[in-house]
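Undergrad: The structure follows.
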Amino acid sequence: MIAQDIDCPVVFSKERCSGSYTRLRKNRWAIKGLARAREVYETPGLEAALLEIDNPPDLIKAKKRAIKYPKLANRVMRGEPPGSSPGGEQPKFTATIDAHGERYAAIVKFSANEDAAGARRWASLLRCEALASDTLASRGIPVAKTELIESDGQVFLESRRFDRTPVMGRRGFASLASIDAALYGQGDSAWWQLADQLERDRWLSAEDARVIRRVSWFGALIANVDMHLGNFGLMLNDGLSATVAPVYDMLPMLLRPDSQGQVMRREFTPPVPAAGQAEYWRWGAEAAVEFWRGVQGAEAIEVDVRRFAEGAEQAILGLVRRF
Ligand SMILES: Nc1ncnc2c1ncn2[C@@H]1O[C@H](COP(=O)(O)OP(=O)(O)O)[C@@H](O)[C@H]1O
Ligand SMILES: [Mg+2]
Numbered sequence: 263m264i265a266q267d268i269d270c271p272v273v274f275s276k277e278r279c280s281g282s283y284t285r286l287r288k289n290r291w292a293i294k295g296l297a298r299a300r301e302v303y304e305t306p307g308l309e310a311a312l313l314e315i316d317n318p319p320d321l322i323k324a325k326k327r328a329i330k331y332p333k334l335a336n337r338v339m340r341g342e343p344p345g346s347s348p349g350g351e352q353p354k355f356t357a358t359i360d361a362h363g364e365r366y367a368a369i370v371k372f373s374a375n376e377d378a379a380g381a382r383r384w385a386s387l388l389r390c391e392a393l394a395s396d397t398l399a400s401r402g403i404p405v406a407k408t409e410l411i412e413s414d415g416q417v418f419l420e421s422r423r424f425d426r427t428p429v430m431g432r433r434g435f436a437s438l439a440s441i442d443a444a445l446y447g448q449g450d451s452a453w454w455q456l457a458d459q460l461e462r463d464r465w466l467s468a469e470d471a472r473v474i475r476r477v478s479w480f481g482a483l484i485a486n487v488d489m490h491l492g493n494f495g496l497m498l499n500d501g502l503s504a505t506v507a508p509v510y511d512m513l514p515m516l517l518r519p520d521s522q523g524q525v526m527r528r529e530f531t532p533p534v535p536a537a538g539q540a541e542y543w544r545w546g547a548e549a550a551v552e553f554w555r556g557v558q559g560a561e562a563i564e565v566d567v568r569r570f571a572e573g574a575e576q577a578i579l580g581l582v583r584r585f
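Read in order, the letters of the sequence shown correspond to residues 263 to 585 in my numbering.
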């Protein structure tokens, strides 16, 4: 959408654009963009499209989320997903949130609305995902901003979309799976291995490659056994540069219920550092210990998961003494 490309207010009109126009005059490219936007604005149908952006059908007021989210989740479970259907394996829906006039696009994952072991486990895991995200953020790693919303025991994990702008334009994002397919075709490398290659081939800065290696070991040490290349990615910026995308879907997937919804007892043996990775492994271990302590202290998380967290912390501390 042109109006979003030039950072214009959502409904584009000559009157409402005057503030942006002043800002846009600051560079010639933007003036060209504005002229183009005006031209397109005259196109039949565009105003209707822009009005839809102003009033998206999935708009929800932030304070109504605890009432609306269970209804949207029900529709997903009945096979009538509202809005667009995001990828991934877990059921989820998208929404546009209006938080006191500020808007953002979100992807929402949720636990089932039932009193069953599988549902309770997913509720715990969504809480773990929020904790993992906070742990990484506090250590300076870019993460998708998450928020937990609860309603009658059902847990929703809302993740702010980093591939959308505040006026619902798009930002370029490519998963490591697509990048690997385009450049190397390996398919199943560990994230840290791909980071080495991307840095070597100058697709990524040394700093960003380091972020990927750190997150890669953090994930392995919080028992995230689902770190396929679709679960991390890069932001594609103007001028062919790529930067590391915010982290999402980071949680101890080892503890997920099986495909029948049964909760199994799991053994976790934290990995030792691969050759040349000790520095990143140690970073990951320190963050993972903080994460597992957070899990132990979170009363809303199931007792079994908190006990598991205690064992995992001890196992990592045992390795830290050696490496
Ligand atoms: N905050 C976000 N912003 C943009 N895209 C996201 C965000 N969170 C997830 N995604 C996209 O949605 C897909 C599914 O989300 P994910 O959290 O991985 O769910 P699942 O647990 O089902 O795999 C991801 O692979 C990613 O492409
Ligand atoms: Mg995923």
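Where is the CB? At the ideal position from N, CA and C, for every residue including glycine.
1) Under the criterion of a Cβ to heavy atom distance below 6 Å, does E351 qualify as lining ligand 1?
2) Taking the alpha-carbon positions, what's the V417 to E309 distance?
3) Taking 6 Å as the cut-off, is the beta-carbon of D458 closer than that to any non-hydrogen atom of ligand 2?
4) How about A385 and S395: do their beta carbons lie closer than 7 Å?
5) State the CB to CB distance for the pair W465 and A504, rounded to an integer number of angstroms; the pair is presumed to be in contact (CB under 8 Å).
6) Check the DSSP bridge columns for Q416 and list the partner residues they point to.
7) List the DSSP bridge partners of R426.
8) Starting from the C-beta of I578, find all residues in its chain whose C-beta is less than 8 Å away, skip the five residues before and the five after it, and write them out in chain order.
9) At least one CB of chain B closer than 7 Å to the CB of L513: is that the case?
10) Can you tell me which of E364, E412, E314, R383 puts its alpha carbon nearest to the alpha carbon of A335?
11) How should Q576 be labelled, buried or exposed, when 16 other C-beta atoms within 10 angstroms of its C-beta is the threshold for buried?
12) Counting along the chain, where does the beta strand (DSSP E) carrying T356 start and finish?
13) Once DSSP output is grouped into helix, strand and coil, what is the label at M339?
14) Quick check: the Cα distance between F435 and M497, rounded to an integer number of angstroms?
15) DSSP three-state label for K407, please.
16) Below 6 Å CB to CB, which residues in the same chain sit around E572 once its five sequence neighbours on both sides are set aside?
17) Taking only heavy atoms of ligand 2 into account, decide whether any of them is closer than 6 Å to the Cβ of N336.
18) So, are the CB atoms of N486 and M515 less than 7 Å apart?
19) Could you pull the start and end residues of the beta strand (DSSP E) that E364 belongs to?
20) Given a cut-off of 7 Å, decide if A361 and D320 are closer than it, judged by their beta-carbon atoms.
21) Output needed for A560: all residues of its chain with C-beta closer than 8 Å, excluding positions within five of it in sequence on either side, in chain order.
22) Would you call the CB atoms of L491 and A439 closer than 7 Å?
TA: So, to answer that:
1) Residue numbering aside, residue 351 sits at position 89 when the sequence shown is read from its first letter. Checking the 6 Å criterion, the Cβ of E351 is within range of a heavy atom belonging to ligand 1.
2) What you label residue 417 is simply residue 155 of the sequence shown in a count that begins at 1. What you label residue 309 is simply residue 47 of the sequence shown in a count that begins at 1. Each residue's Cα considered, the two are about 38 Å apart.
3) Counting from 1 along the sequence shown, the entry for residue 458 is found at position 196. No, the Cβ of D458 stays beyond 6 Å of every heavy atom of ligand 2.
4) Residue 385 sits at position 123 when you count from the first residue of the sequence shown. Residue 395 sits at position 133 when you count from the first residue of the sequence shown. Not closer than 7 Å, so no.
5) Sequence index remark: in the sequence shown, residue 465 carries index 203 (1-based). Sequence index remark: in the sequence shown, residue 504 carries index 242 (1-based). Cβ atoms of W465 and A504 come within 8 Å of each other, at about 6 Å.
6) As a working note, residue 416 is residue 154 in the sequence shown. Under DSSP, Q416 shares a beta bridge with S413.
7) On the sequence shown, residue 426 is found 164 positions in, with the first residue counted as 1. The partner list for R426 (beta bridge, DSSP) reads R432.
8) Against the sequence shown, residue 578 aligns to sequence position 316. By the criterion of a C-beta distance shorter than 8 Å, I578 is surrounded in its chain by L483, P532, A547, A550, V551, W554, once the five residues flanking it on both sides are discounted.
9) No chain B is part of this structure, which consists of one protein chain only.
10) Translated into the one-based positions of the sequence shown, residue 335 becomes position 73. With distances taken between Cα atoms, A335 lies closest to E412.
11) Locating residue 576 in the sequence shown gives position 314, counting from the first residue. It counts as exposed.
12) Position 94 of the sequence shown holds residue 356. Here the beta strand (DSSP E) through T356 covers 354 to 361.
13) Counting from 1 along the sequence shown, the entry for residue 339 is found at position 77. Of the three classes helix, strand and coil, the one that applies to M339 here is helix, per DSSP.
14) Residue 435 sits at position 173 when you count from the first residue of the sequence shown. Residue 497 sits at position 235 when you count from the first residue of the sequence shown. Rounded to whole angstroms, the separation of the alpha carbons of M497 and F435 is 5 Å.
15) The residue given as residue 407 occupies position 145 in the sequence shown. Looking at K407 - three-state DSSP - the assignment turns out to be coil, as it is neither helix nor strand.
16) In the sequence shown, the residue the question calls residue 572 occupies position 310. Contacts found: Q558.
17) Within the sequence shown, numbered from 1, the residue matching residue 336 stands at position 74. At a cut-off of 6 Å, the beta-carbon of N336 does not count as near ligand 2: no heavy atom of the ligand is closer than that.
18) The residue given as residue 486 occupies position 224 in the sequence shown. The residue given as residue 515 occupies position 253 in the sequence shown. Taking 7 Å as the cut-off, the Cβ atoms of N486 and M515 count as close.
19) The residue labelled residue 364 in the question sits at position 102 within the sequence shown. Unbroken beta strand (DSSP E) run through E364: 364 to 372.
20) Within the sequence shown, numbered from 1, the residue matching residue 320 stands at position 58. Within the sequence shown, numbered from 1, the residue matching residue 361 stands at position 99. No, the pair does not count as a contact, with Cβ atoms beyond the cut-off.
21) On the sequence shown, position 298 is the one that residue 560 refers to. Closer than 8 Å at Cβ, skipping near neighbours: R389, L393, R568.
22) Residue numbering aside, residue 491 sits at position 229 when the sequence shown is read from its first letter. Residue numbering aside, residue 439 sits at position 177 when the sequence shown is read from its first letter. In this structure, A439 lies closer than 7 Å to L491 by Cβ.
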